[in-house]
Amino acid sequence: MTDTAEPSPRGTSYPGLPGRGQYTERARRELLAWLRTTTNASLRSLEQSTIDPRSLPGNLENFVGVVDVPVGLAGPMLFTGRHAQGMVTAPLATTEGALVASVARGAKAITLAGGVTSQVIAQRMTRAPVFEFAGLGAAAEFARWIVTCKDELDRRVAEVSAHSRLTAVDPVQLGRAVHLRFVYETADAGGQNMTTAATWRACRWINDRLATMPGLAPAWFAIEANLSGDKKFTHLNMISGRGTRVAAECVLDRTTVRRVLKSTPEAIDRLYRHSVLAGQQAGMAGHDIDAANVIAAIFVATGQDIASVYESGTGLFSVDVSEGDVRATLVLPSLVTGVVGGGTRLVRQSDYLDVLGCRGEGHAARFAEIICGFALALNLSTMAAVAGGQFADAHERLGRGRRVDWLSRDDLGAPLLRPMLAQAMNAPGLEVTDVTWIDHAPGSSLITELTARADRRKTTGIFPVRVAWRRDDADGSTDLVLKVKPLDQEVIIEAAKLASLCGGQVADLYPRWRDWTGFTGLHTRELAVYRHAEPALRAVLPRAYGVHEDAAREAYVIAMERLGPGVLHLDSAGTPEQWRPEHLAAAVRGIAGVHAAFLGRHDELRAWLGPVQSAERMTAMRELWGALLEHAATEHPELVDAASARRLRRIVEEIPRWWGRLESMPRTLVHNDFNPRNIALRSPTPHSPGTHFSGPHSPDPHSPGPHSPATRPVPFAPEHPDAALHSSAPRLVAYDWELATLHVPQRDLAELLAFVLPPDAGESRVTELLDLHRQAVGHLGKPEEWREGYRLALWDFAVTRLLVYVMVHTQRELPFLGRVMATTLRLIAIEDATTECPDA
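So this is what it looks like as C-alpha cells:
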C-alpha cells in the first residue's frame with residue numbers, strides 16, 4: 001500500500017510514504033528508493049539489510065534499513081547473587097572508546113576479590129490515568145471509593161495480561177483531578193505496553209461504574225498524565241520504584257585495588273567523599289558515577305526499550321573503606337527491563353540475552369542483577385581512574401586556540417594530486433581524470449591505530465587510490481598510497497592515555513617524559529625524508545610522487561607508490577620464517593647503504609630530524625624505564641620472567657655508563673623502526689610500480705622542476721647505484737620513517753634481528769650478520785668495536801622500544817611481541833656470553 005498525497009487547508013499537500021504497513025523486502029526497497037529521490041543521498045550503506053522485515057511487526061513501522069552498533073565483551077565476572085551466579089560475560093553495544101575496557105577492568109578486580117553479590121529487592125511497573133471531576137468533593141469521594149475496588153480491578157487486569165499482576169491502586173488527588181497509580185508486577189516483561197492495555201481495560205470498567213453513580217461521573221479522563229514517570233526520571237519512582245529495584249555489592253582488598261585498578265583505597269574514598277558533596281551541590285538525584293553507560297550498552301545489545309535508559313540510569317552508589325578494604329554498593333531503584341517481548345524477539349538481541357543466560361521467561365531477576373553488577377564494575381573502574389589521574393589522560397584532547405579546517409577525504413582528489421603527478425612524470429599538461437578509492441585491509445601501523453582513537457572528524461591514515469590521468473602522449477592510471485599523517489602531539493596524547501591505563505608509576509612518570517619517547521616531530525620528519533635527495537636513501541624508499549604540507553590545515557600528506565605483487569614479505573611481522581638468509585642479507589645491505597651515506601653527518605641530520613636522544617636525558621629518564629620494566633615484569637611475567645627482569649634492571653641502572661659510550665660512537669641516519677612491519681623486498685624480476693599506460697611513452701622519472709610551497713612533487717626514486725651488480729637479488733624497500741633519528745647504525749640491525757631471528761638463534765648467525773653489516777657500511781675499525789656498538793644498540797632497543805611495546809600490549813594485544821621479546825632476550829644472552837656486561 002502506498003500513501004497518497006493529502007491536501008491541506010493551506011493548499012499544500014503532504015507526501016505519503018510508499019509501502020506503509022507492509023513488511024517485505026520489496027516494500028523496504030521502495031521506501032529506500034523514495035528516500036534517495038527526496039534527499040538526493042546515495043545511501044549505499046542501506047542497500048542491504050541484515051534483518052528480515054517479516055520479523056518486525058510490533059517493533060517498527062516504515063522499515064528502511066538497519067544501523068550497526070559494534071558489540072564488545074566485558075568480563076567474565078563472578079556473581080554470587082540470589083539469581084545471578086557464576087561467571088558472566090556481558091555484551092556491550094557501544095561506540096564509546098575505552099568503555100568496554102574500563103568495564104572489563106572493574107570486572108577483573110571484582111572477580112579477583114571474590115565476586116559481586118547481587119539481589120533483586122522489588123519489581124513493579126506503574127501506569128497513572130487521570131480522572132477530572134466537577135469539584136474537589138467529587139474527586140475526594142472518588143479517591144475513597146476506588147481503593148475498595150481492588151478485587152474487581154484485579155479481574156479486569158487478568159482479562160488482558162497473563163504476565164501483569166496488579167499489586168496496588170494508589171489515588172493521588174491534585175485539586176479536582178485524581179491520578180490513579182496502578183502498580184503492577186510484570187514477571188519477565190518490561191511491561192510498559194501490557195500495563196497500558198490492562199490499565200485501559202480497568203479504566204473502562206471504572207468509567208462504566210461511575211456513569212451509574214450520581215455526581216461521580218468524571219468530566220474528563222486520560223490513560224496517562226505523567227505521574228507514572230514513564231521514560232523520565234522522577235523522585236517518586238526513585239523512592240517507590242518503577243521497574244526493578246536491584247542492588248549489587250563487592251569488597252575489594254588493597255592488593256587488588258593497587259594491581260588491577262591502579263589506585264589505593266584511600267584515594268578512592270577521598271574522591272568519593274568529595275563527589276557526594278559536589279553531587280548535592282549540583283542537585284544530583286541519588287549519587288552515581290556512570291552506571292548509565294553500562295545500562296545503555298546492554299540495553300542496545302539485548303533489545304530493551306532504549307528510551308528507558310533515562311529512568312533506569314539513576315543510581316545510588318556508595319563506598320566505604322575499612323581496614324584497607326573497599327566496600328562498594330550500587331542500588332538501581334528503577335531499572336526497566338524485559339527478557340520477553342519487544343525487541344528481545346529479534347534474532348541478534350535474543351542471542352545476546354542467551355549469552356547472559358537470560359533468554360525467555362523466568363530470567364528477569366537474573367538479568368537485572370547482571371546489569372547492576374556490571375554497572376558497579378564500571379563505577380569502581382571509573383572512580384579509580386579519576387583518583388589515579390587516568391581519567392584526565394584518557395579524555396585529553398589537543399587544545400586548539402582556533403578552529404582548524406582539517407583535510408577531508410574529499411580533499412584527497414584531483415586538485416591535490418595533479419601537480420604532484422605532473423611534476424613527477426615530467427608532464428606539465430597532465431590532467432587527472434578520476435580518483436578511485438581502493439578497498440584494503442587496515443595495515444599494522446601502531447601510530448595510525450593510536451591516532452584513530454583521537455578526534456575522528458580529522459582524516460588521517462593510509463588511503464590507497466587509483467589515479468587515472470591523461471597527457472599529450474598517453475592515457476594511463478597509477479596506483480598510489482596517500483599517507484595522511486597525524487600531528488606529533490596527537491600521537492603523544494594517545495600514547496599517554498595508554499600509559500595512564502597502566503596505572504602506578506608508569507601513569508605517574510610517562511607524562512613527564514612523553515615528549516622524549518620518539519614521537520616529537522613525526523609529522524614533519526617523514527616528509528623531510530621523502531624530500532631528501534641522497535641517492536642511497538632514495539634507493540630504499542618507496543617511489544614518491546610528492547608531499548603536501550599545509551600547517552594551517554594540519555595537513556601532512558605523502559603520495560607514494562602502492563607496493564604490490566612485485567614486493568616480497570610485505571607486513572610480515574607475523575611470519576618471520578619467510579625471511580630466508582638471502583632475503584635478510586638483502587635487507588641488511590640495503591639499509592647499510594643509507595647508514596654509510598649519512599655516517600658522521602650529525603649536524604646536518606640534527607637540522608631536520610628534530611629532538612635527538614642524549615646520554616644526559618636517558619639517564620634522567622631511568623625512572624620511566626624502570627617503571628616500564630616493573631610494569632612488564634608484574635603484568636606480563638610470561639614475557640619478562642624474574643631472571644630476565646634482573647638482567648634488564650641492571651641494564652637500566654647502568655644507563656649513565658653505557659649510553660655515554662653509545663653517544664660517543666659514530667652515528668648516522670637510522671630508520672629506528674626497522675622491522676618486517678615497515679620493510680619489504682622488491683622482487684629481482686622487474687615490475688611496474690603500479691603505473692599503467694595506454695600510450696607509447698614512459699614518464700621521465702627525474703626532472704624535479706618548480707613546485708609550490710605547500711604541494712611539493714618528488715621525483716621517482718632512482719635505482720640504487722649498485723642495482724646493476726645485484727639485479728638477480730631482491731632489494732630493500734623501507735617505509736614508515738616517522739621515527740627516524742640519529743643513532744649508531746647497529747640500532748637498525750639490532751631491531752631487525754630481534755624481529756626476524758628465532759628465539760633459539762645461534763651466536764654464529766649473529767656474528768655473520770654483524771660482519772655483513774659492518775662491511776656494507778664500510779667500517780674500517782676493529783670488529784670488536786662494531787660489536788660493542790651493536791650490543792649497546794640492542795640494550796637501547798630493549799629498554800626504549802620493547803618496554804613501550806609491553807605498555808601498549810597491556811591494552812591492545814601485539815601478537816608478535818612474545819616472540820620478539822624472547823629473541824631479544826636471547827640476543828642479549830649471546831652478548832652476555834661473549835663480552836663483559838651487566839650481570840643477569
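Quick note on full-length UniProt numbering: the sequence shown kicks off at 1 and runs consecutively.
Every residue gets a Cβ at the ideal spot worked out from N, C-alpha and C, and that includes glycine.
All of these numbers come straight from a predicted model, not from anything done at the bench.
When the beta-carbon positions are compared, Met213 and Ser161 stay at least 8 Å from each other. Under the 8 Å Cβ criterion, the stretch 620 to 632 counts as touching the stretch 506 to 521, having at least three qualifying pairs. For Leu669, the enclosing beta strand (DSSP E) stretches over residues Thr668 to Val670.
By DSSP's assignment, Glu185 forms a beta bridge with Arg165. Note that the stretch 476 to 484 touches the stretch 558 to 566; at least 3 beta-carbon pairs, one per stretch, sit closer than 8 Å. Under the criterion of beta carbons closer than 8 Å, Ala74 and Ala90 qualify as touching, at roughly 5 Å.
Between Val467 and Trp437, the C-beta spacing is not below 8 Å. The beta carbons of Leu335 and Ile371 sit closer together than 8 Å. Collapsing the DSSP output to three states places Met621 in coil. Distances from the alpha-carbon of Asp488 to those of Phe519, His287, Ala586 and Lys458 put Phe519 closest. Of the candidates Asp170, Ser322 and Ala596, the residue whose Cα lies closest to the Cα of Ala776 is Ala596. Scanning the stretch 787 to 826 for uninterrupted alpha helix (DSSP H) segments of 4 residues or longer gives 803 to 811, listed from N- to C-terminal end.
Of the candidates Ala33, Asn59, Arg201 and Asn40, the residue whose Cα lies closest to the Cα of Gln48 is Ala33. The alpha carbon of Asn226 has as its nearest neighbour, out of Leu180, Val120, Leu541 and Asp52, the alpha carbon of Leu180.
Taking 8 Å as the cut-off, the Cβ atoms of Thr244 and Gln85 do not count as close.
With a minimum length of 4 residues, the unbroken runs of alpha helix (DSSP H) contained wholly in the stretch 275 to 326 fall at 291 to 302 and 309 to 312. Inclusion of Val321 and Glu361 in the CB contact set at 8 Å is not warranted, their separation being larger than that value. Inclusion of Val540 and Gly593 in the CB contact set at 8 Å is warranted, their separation being smaller than that value.
Of Val120, Val178, Ala158 and Ser102, the smallest CA-CA separation from Gly137 is found for Val178. Cβ contact annotation for Pro171 (same chain, cutoff 6 Å, sequence separation greater than five): Ala143, Ile146, Val178 and Leu180, in chain order. For Ile558, the uninterrupted beta strand (DSSP E) run begins and ends at Ala555 to Glu561, by DSSP.
Here the alpha carbons of Phe79 and Ala375 stand approximately 13 Å from one another. Measuring C-alpha to C-alpha distances from Gly429 to each of Ala833, Trp406 and Asp472 identifies Asp472 as the nearest.
Between Thr94 and Ala297, the C-beta spacing is below 8 Å. A straight-line Cα-Cα distance of about 47 Å links Leu417 and Gly388. Rounded to whole angstroms, the gap between the alpha carbons of Leu271 and Asn379 is 12 Å. DSSP places Glu152 in the helix class (H, G or I) of the three-state scheme. In the three-state reduction of the DSSP assignment, Gln22 falls in the coil class, being assigned neither a helical nor a strand state.
Listed in chain order, the non-local C-beta contacts of Asp748 below 8 Å within the same chain comprise Ile591, His595, Val670, His671, Asn672 and Phe674, local neighbours out to five positions each way being set aside. Here the alpha carbon of Glu577 sits roughly 14 Å from the alpha carbon of Ala585.
Under a 10 Å Cβ-count criterion, Pro581 is classified as exposed, with fewer than 16 other Cβ atoms of the shown protein chains found around its own Cβ. With a cutoff of 8 Å on beta-carbon distance, Leu356 and Val756 are scored as not near each other. Cβ neighbours of Arg28 within its own chain (closer than 8 Å, five residues either side excluded): Gly19, Ser49, Pro53, Phe63, Val64 and Gly65. For Gly781, the secondary structure class from DSSP, reduced to helix, strand or coil, is coil. At a Cβ-Cβ threshold of 8 Å, Val120 and Val319 do not count as neighbours. Three or more beta-carbon pairs separated by less than 8 Å link the stretch 729 to 749 to the stretch 769 to 784, which places the two stretches in contact.
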